[in-house]
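Mind the numbering: the sequence shown is residues 6 to 84 in our numbering, read in order.
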Amino acid sequence: RRGAGARARAAPRPAGVSDPSVQPDLSPAFFGFCDNAEVWNSRAAMIGFFALLFVELFSGRGILSLVGIEIGKGLGFEL
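Have a look at this one:
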């Protein structure tokens, strides 16, 4: 019977099989889904967010109005 605390055990090693004599040298990943990529992604997001704030601060207009999208006129069926 398997309970919530059951653990899987590895199969016994066949006769004549030993541990490898040399362990692989696994350096930490630099690209892909790793902690380093998440750090750089968050830094880029923060830089982009504050750049957007500075553009809106110095231009006096929102980013949508700067690219030509007019906002704030309502849906056109106000009472």
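Glycine is no exception: its CB is placed at the ideal position from the N, C-alpha and C atoms.
Check the C-beta distance from residue i over to residue j and give it rounded, since I have them as a contact under 8 Å.
{"i": "G67", "j": "E75", "result": "G67 to E75, Cβ: 10 Å. No contact."}
{"i": "L58", "j": "S64", "result": "L58 to S64, Cβ: 11 Å. No contact."}
Checklist entry - Taking the runs of the alpha helix (DSSP H) that are 4 residues or longer, which of them lie wholly in the segment 8-83? => result The qualifying runs are 40-64, 68-71.
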